[in-house]
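Position 522 of the sequence shown, counted from 1, bears residue number 574 in my numbering, the numbering being contiguous throughout. Beta carbons: idealized from backbone N, C-alpha and C, even for Gly.
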Amino acid sequence: MPELDNVAIARQLELMADLLEIAGADKFRFLSYRKAANSIRAWPEQLSAMAREGLLTEVPGIGKKLAASIEEMLAEGTFGELEQAKSDIPAGLVEIMGIPGVGPKRAKQFYDALGVDSIDALDKALDTGKLENLGGMGAKSVEKIRKGLTTYLAHHGRMLLMDALPIAERIADTLRALPGVTRAVPAGSLRRMQETVGDIDIITASDRPAAVMEAVRALPLVAEVVASGQTKTSILTTSGPQVDVRVVAPGEFGAALQYFTGSKEHNVRLREIAKRRGLKVNEYGLFRIAEDGTEIERLGGETEDEVYALLGMQAPPPEIRHDTGEIEAALEGTLPRLLEPEDIRGDFHVHTTSTDSQSTLEENRAMAAELGYEYLVVTDHAYNLRMVRGLSVEQLEEQWAHVDRLNADGEGPVILKGIELNIAEDGGVDYESDVLERFDFCIASLHSGWNDTAEEVTGRLVTAMRNPYVDIIGHPTGRIIGRRDPLPLDMERVLEVAAETGTIMEVNAYPDRLDLRDTHLRAAKRLGVRIAIGTDAHRSEHMRYMRYGVACARRGWITADECLNAQPLEVVRSWLSRTR
Ligand code: DGT
Ligand code: CA
Ligand code: CA
Ligand code: ZN
Numbered sequence: 053m054p055e056l057d058n059v060a061i062a063r064q065l066e067l068m069a070d071l072l073e074i075a076g077a078d079k080f081r082f083l084s085y086r087k088a089a090n091s092i093r094a095w096p097e098q099l100s101a102m103a104r105e106g107l108l109t110e111v112p113g114i115g116k117k118l119a120a121s122i123e124e125m126l127a128e129g130t131f132g133e134l135e136q137a138k139s140d141i142p143a144g145l146v147e148i149m150g151i152p153g154v155g156p157k158r159a160k161q162f163y164d165a166l167g168v169d170s171i172d173a174l175d176k177a178l179d180t181g182k183l184e185n186l187g188g189m190g191a192k193s194v195e196k197i198r199k200g201l202t203t204y205l206a207h208h209g210r211m212l213l214m215d216a217l218p219i220a221e222r223i224a225d226t227l228r229a230l231p232g233v234t235r236a237v238p239a240g241s242l243r244r245m246q247e248t249v250g251d252i253d254i255i256t257a258s259d260r261p262a263a264v265m266e267a268v269r270a271l272p273l274v275a276e277v278v279a280s281g282q283t284k285t286s287i288l289t290t291s292g293p294q295v296d297v298r299v300v301a302p303g304e305f306g307a308a309l310q311y312f313t314g315s316k317e318h319n320v321r322l323r324e325i326a327k328r329r330g331l332k333v334n335e336y337g338l339f340r341i342a343e344d345g346t347e348i349e350r351l352g353g354e355t356e357d358e359v360y361a362l363l364g365m366q367a368p369p370p371e372i373r374h375d376t377g378e379i380e381a382a383l384e385g386t387l388p389r390l391l392e393p394e395d396i397r398g399d400f401h402v403h404t405t406s407t408d409s410q411s412t413l414e415e416n417r418a419m420a421a422e423l424g425y426e427y428l429v430v431t432d433h434a435y436n437l438r439m440v441r442g443l444s445v446e447q448l449e450e451q452w453a454h455v456d457r458l459n460a461d462g463e464g465p466v467i468l469k470g471i472e473l474n475i476a477e478d479g480g481v482d483y484e485s486d487v488l489e490r491f492d493f494c495i496a497s498l499h500s501g502w503n504d505t506a507e508e509v510t511g512r513l514v515t516a517m518r519n520p521y522v523d524i525i526g527h528p529t530g531r532i533i534g535r536r537d538p539l540p541l542d543m544e545r546v547l548e549v550a551a552e553t554g555t556i557m558e559v560n561a562y563p564d565r566l567d568l569r570d571t572h573l574r575a576a577k578r579l580g581v582r583i584a585i586g587t588d589a590h591r592s593e594h595m596r597y598m599r600y601g602v603a604c605a606r607r608g609w610i611t612a613d614e615c616l617n618a619q620p621l622e623v624v625r626s627w628l629s630r631t632r
């Protein structure tokens, strides 16, 4: 039986939740599956190991019943309830439900009325105008679904970095432990830390290649061996993605890692540079070549740094290898030192049980201590966000007293009093200034506006940025990867006003947001706009997602000097007071 890793388990529970929701089950029932999945994704230990010790119920969100389902899953590859649910509702409906603008009710409606049970069938129904005639569907909702389908298809077959990275790291760790293996490193889009990846590429160096290929075929999470040769094996894993493992001789490792890290655009430029210098670079090494292209001499290729050095340039960090200026900077020797995970001293967006998080202030503080932070923040939702029962002034008083008590004991990172305000239609925010001035800092976020014009939404954001109490704009575009388009925004204008008002822009590290994205961050950097990374944690384990935020910032060429969380507390305070 192939082993299910945490991502595979979480995916099955999410599928169960989706099927229950489509079937119209009780909200409490499907949400409990989703919460458990959410918790499992962020859980640092493998559930398969915990199950062997009978410890599954120690994972938050897993009770006795779910533990039994997970044990069944680990033994059988699936669980009875899921199979039952799948036989009631075609799994294709789950995909349809995930399309922006559709949702569970409509997916069911399209199936019942038109037999739409797949993406293709939905596409056809759209083309033939069948959706327009359904009850409750207007031209506007049909247009929305058409647009949603485009968003969905753009990400089809790709997975979030969050789902791929842990699998890649586990496989690399396993292979690295094999006798004869000197290196095992993820390459491709994953090493470039792209927000989504198509497949996982791993490069290993060994003088015993056959043993590596055999070990890959025998990995516990193999669902299927797609192809296996002398230097490359491709497998499908139990949680979905394809993994290509290549094995090269140790002396060729750097060249292979460079080549298979890409991006393709970056590599094309490298080959041009090599050619101009009478050199050739490929996955085997760097060579001096004759006029007619024949190899004269192999110059190197054992390490990636060596490959770049022989081309007369710095090695750009993988995250920025997209031929968007890094080649020129590397040739000039002017690549910036990008923000590193070790530079991070705190998290700027964390919720608590006072609103919609599953973790208390104490639990968040303990996690911040575990992560080695100097400070953390509490940024619960403000009053006007009624769907999560945002905090009233009385509740704020309680929270502040609680923070003061914890800070007084001196037993953990310093807690800053923050809030996540909602930007209203007129650009205003929750609370009066006598309340606002009592926060150490305020994040303001848009939580609506997808049907409005760019002018309206941009205007709202500009008004909020001009508010002296607003320090940070949270998840500025509001996009959710593959599920929700960004808000219509004039980003150039937004960033100009941010520069003018000293407003800090958030990089939301939650792995399906990663908002602002790389291109926006490059623009922010040019304008001198500073950024803050927040995990938007809705349970303390989510604070571990900081690495995704750092990667996102690095992709936007952000340095420690430009990032609020990389500053010591006194500097943080001075940056935050600048706008007041
Ligand atoms: P993905 O998997 O779609 O998220 O994106 P990548 O970049 O990981 O693409 P993939 O897996 O097809 O190939 C990994 C890297 O290997 C790619 O970034 C560049 C390099 N590579 C692979 N095949 C070719 C090729 O035919 N030409 C060039 N120039 N580079 C290639
Ligand atoms: Ca790839
Ligand atoms: Ca690949
Ligand atoms: Zn939030």
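Residue i classed as buried or exposed, judged by whether at least 16 other C-beta atoms fall within 10 angstroms
i    : result
D215 : buried
P520 : exposed
L579 : exposed
H208 : exposed
T290 : buried
A270 : exposed
A224 : buried
N503 : exposed
P538 : buried
D259 : exposed
F80  : exposed
Residues bridged to residue i (per DSSP)
i    : result
P238 : I254
R350 : F339
T49  : Since the first residue of the chain shown is 53 and the last is 632, residue 49 is not available in this structure.
C615 : I583
R536 : I532
L390 : T611
V402 : A589
E558 : A584
Continuous beta strand (DSSP E) stretch holding residue i: start and end
i    : result
G586 : 583-586
Q294 : 294-300
S497 : 495-497
T431 : 427-433
K332 : 331-334
Cα-Cα separation, residue i to residue j
i    : j    : result
T109 : T202 : 40 Å
D634 : E317 : No statement about residue 634 is possible, as the shown extent of the chain runs from 53 to 632 and does not include it.
G330 : L338 : 11 Å
P563 : E247 : 8 Å
L205 : Q447 : 44 Å
L126 : K117 : 14 Å
A575 : E123 : 49 Å
V429 : G442 : 17 Å
L707 : H590 : For the chain, the structure presents residues 53 to 632; residue 707 sits outside this window and is missing.
Y597 : T587 : 6 Å
V295 : L183 : 39 Å
F491 : M595 : 22 Å
V509 : P540 : 7 Å
A545 : G153 : The residue asked about is misnamed: residue 545 is Arg in this sequence, not Ala. Whole-angstrom Cα-Cα distance: 28 Å.
I467 : W627 : 17 Å
H432 : E477 : Per the sequence shown, the amino acid found at residue 432 is Asp instead of His. Cα to Cα, the separation comes out at about 21 Å.
M102 : N58  : 11 Å
Y163 : M149 : 11 Å
Contact test: residue i Cβ vs ligand 5 heavy atom, cutoff 6 Å
i    : result
E472 : In terms of ligand content, the structure shown lacks ligand 5 and carries ligand 1, ligand 2, ligand 3 and ligand 4 instead.
Proximity test, residue i beta-carbon vs ligand 1 heavy atom, cut-off 6 Å
i    : result
N319 : yes
S286 : no
G240 : yes
D253 : yes
G312 : A small correction: the amino acid at residue 312 is Phe; Gly does not occupy that position in the sequence shown. F312: yes, Cβ under 6 Å from ligand 1.
heavy atom of ligand 4 below 6 Å from residue i C-beta
i    : result
D588 : yes
Contact test: residue i Cβ vs ligand 2 heavy atom, cutoff 6 Å
i    : result
S315 : no
G250 : yes
Residue i: first and last residue of the uninterrupted alpha helix (DSSP H) it sits in
i    : result
G470 : Unbroken run through G470 is the beta strand (DSSP E), 466-474; no alpha helix (DSSP H).
Y521 : Counting along the chain, Y521 falls outside any alpha helix (DSSP H), and DSSP gives it neither H nor E.
L166 : 155-166
E147 : 144-149
S91  : 79-93
E384 : 378-384
H454 : 445-461
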